[in-house]
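Structure first, then comments.
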Amino acid sequence: MIAKYPEKFNVSYLTTNTNIDLLVEQALKFNPEAVVITDRSAFNDLISKHTLKCEILPVEGLLQIARSNNVDLIIAAMVGFAGLESTIEAVKNKKKIALANKETLVVAGHLITDLARKNNVDIIPVDSEHSAVFQCLVGEKPESLNRLILTASGGPFLNRSIENFKTISIAEALNHPNWKMGNKITIDSATMMNKGLEVIEAYWLFGIDREKIDVLVHPQSIIHSMVEFTDGSIKAQLGIPDMKLPIQYALSYPERLDFNFSPMDFSKYDTLTFQEPDLLKFRCLDLAYKSLESGGTYPVVLNAANEIAVEKFLTNQITFDVIPDIIEKALDKNKFNSDPDLNEIIECDRVTRDICKNFA
Ligand code: MN3
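Under my numbering, the sequence shown has 534 at position 143, and the numbering climbs by one with no breaks.
Here is the structure:
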C-alpha cells in the first residue's frame with residue numbers, strides 16, 4: 392500500500408524484533424534513514440552482515456524515532472508491554488499514532504489519553520474492531536454514542552466443552568479460524584483474553600462508560616464491530632477479514648484510498664450468527680471486565696500475568712485451562728494503586744511477572 396502511494400508516504404524508519412529478513416527486504420525497497428532491531432542478538436546478527444546502506448540501531452533507536460523531526464506518524468505495533476515507553480515518547484513529541492498495540496492502552500490508558508489530549512495528538516486504531524467503531528463514529532457527536540458492540544469470533548474453542556480445555560494442544564490453540572496473526576495474540580483469541588484487552592482498549596479510545604461496551608460473539612467475523620446511538624440506530628462496519636484494510640485506513644484517515652479488494656460475496660455468507668460470550672468458559676474475558684472495573688494497577692497485572700501465562704502455555708509448562716488460574720492468582724496479589732504513574736506501572740509489571748514465574 393505504501394509502495395502504491397509514493398507521493399503520500401515516505402518511510403523514515405523501519406523496526407523489527409527478530410524478523411531480519413523481512414526488514415532487509417523492506418529497507419531495500421523503501422530506503423529508510425535507519426532501521427531498529429530491538430532484539431540484541433538479531434541486532435548483532437544484522438550488524439555483522441552489513442547488508443544495508445542506512446543506519447542500523449539497537450532498541451534505544453525507538454526513542455530516536457519517537458523524537459525525530461522527520462516523522463509525523465508512527466505505527467505502534469510491538470507486541471505486549473514492550474511498546475509502552477516508545478509510544479508515550481511519541482505522543483509527547485506530538486506524533487500521530489496508528490495504534491496496533493492494544494496492551495499499551497490496557498496498562499497505561501489514563502497516561503496516554505491524557506498526554507494525547509494535552510499534545511493534541513490523534514490516536515487512530517488499527518485493531519479491526521476499533522477501526523470499525525472509529526469508522527462508524529465519523530460524522531457523529533460523542534454524546535450520541537449509546538453503546539459499543541465489539542464482535543468476537545469466539546476463537547477455535549467456541550464449541551469445545553470446558554471439560555476438554557485441559558487437553559488443548561499448542562497447535563490447536565494456534566489454529567485460528569478467521570485471522571492469521573502472531574502467536575501471542577492468537578492464544579489471546581483462543582482464551583478470549585484478546586477481546587477482554589479490546590474492551591479495555593475501547594474504553595480508553597472512545598471514552599465511553601464500561602457498562603456500555605458489550606461483546607458479541609459472531610463467528611463469521613464479517614461484522615467487525617457496531618455502534619448504537621441514542622436514537623436506537625445501529626451502524627456496523629463490515630468486510631472480509633483482512634488486516635490490510637484497517638491498517639490502510641489508519642494511515643490514510645480521514646481520506647479513503649483505493650484498495651485492491653475482492654468484492655464481498657454475501658451469498659457465500661448467507662448465515663451471520665450471534666451469541667452472548669460464555670464468561671464461565673472464557674474466564675479471561677471475565678477477568679478483563681473485572682480488572683477494568685477495579686481500575687488502577689489491575690489491568691497492568693492482568694496484562695503482565697497474561698503475557699507470562701501465554702508464554703508458559705506456548706513452552707509446554709502449563710495446560711490451556713491454567714492460563715486464567717495464573718491471571719486470577721496474580722490479580723489477588725495486586726498491591727492496588729488507583730493512579731499509577733509510568734514508573735509505578737513498569738514496577739507493577741515487573742513484580743507481577745516475577746510472581747507469575749513461580750505459579751504453575
Ligand atoms: Mn482485534
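Every residue gets a Cβ at the ideal spot worked out from N, C-alpha and C, and that includes glycine.
Per DSSP, Ile714 is one residue of the alpha helix (DSSP H) stretching across Ile714 to Asp723. Using a C-beta cut-off of 8 Å, the stretch 609-621 makes contact with the stretch 519-539, since at least three inter-stretch Cβ pairs fall below that distance. With respect to the C-alpha of Thr582, the residue from Val470, Leu678 and Leu648 having the closest C-alpha is Leu678.
If you draw a 10 Å sphere on the C-beta of Ser729, you find fewer than 16 other C-beta atoms in it, and that means exposed. Leaving aside the five residues that flank Ala523 on each side, the residues in its chain whose CB is nearer than 6 Å to its CB run, in chain order, His615, Ser616 and Gln628.
Exclusion of Asp732 from the 6 Å shell around the ligand MN3 follows from its C-beta lying no nearer than that to any non-hydrogen atom of the ligand.
In terms of Cα proximity to Asn408, the closest of Pro516, Val426 and Ile393 is Val426.
Close CB contacts of Ile736 within its chain, under the 7 Å cut and outside five residues either way in sequence, are with Val498, Ala499 and Val691 (chain order).
C-alpha of Asp712 to C-alpha of Gly598: approximately 33 Å in a straight line. Just measuring C-alpha positions, the residue of Leu443, Pro632, Tyr689 and Ile488 sitting nearest Asn511 is Ile488. Taking the CA atoms as reference points, Ser459 sits about 14 Å from Asn401. With respect to the 7 Å criterion, Val450 and Ser403 are not classified as neighbours on the basis of their beta carbons. Between Pro637 and Ser519 a beta carbon distance of about 5 Å is seen, short of the 8 Å cut, so the two are scored as contacting. Phe620 sits in a strand when the DSSP states are folded into three classes. In its chain, beyond the 5 residues on either side, Leu607 and Val608 have a beta carbon closer than 8 Å to the beta carbon of Glu667.
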